[in-house]
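Below you'll find the structure, written out as structure tokens, and then a few comments.
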DNA sequence: CTTCTAACA
DNA sequence: TGTTAGAA
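In UniProt numbering, the protein residues as written are 1 to 129.
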């Protein structure tokens, strides 16, 4: 598929899809006319990349994590970089923190929705009488 | 009409 | 990141 379709499928603007490529996150094939040609499997990959990017993980780290996203998790570590490990641990902890934050907000919203429903229910009763 | 690159705001 | 230019 071409960039427009992948953009619709993933919700990632074409501008960013080209940027991902520039960062080495994805390497689409090229058509005879020079247009980028994305395989269907890239839809899933782009969504995962976006998830990582949205989590605030720098692209250089994402490039290293990308292999872990592929189904066969045959992760072969050639260079055990202690600095990278440290960075990833920090990023993972930030993610956990963000998740906890989201869970709290979700619960708060859920409670508010329940209060809304109750209020609407009361209003309906009042209007009926 | 869609995409490409490069560059500006 | 959005947008715009001219070209394919």
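Built from N, CA and C at the ideal position, the CB exists for glycine as well.
| query | result |
| --- | --- |
| Residue 94 versus residue 101: straight-line alpha-carbon distance, rounded | 10 Å |
| 6 Å CB neighbourhood of residue 9 in its chain, flanking five on each side removed | 43 |
| Beta-carbon proximity check, residue 61 vs residue 27, cutoff 8 Å | no |
| Cβ-based burial, residue 103 [other Cβ within 10 Å; buried from 16] | exposed |
| Three-state class that DSSP yields for residue 36 in the structure shown | strand |
| Those residues which DSSP pairs with residue 29 across a bridge | 37 |
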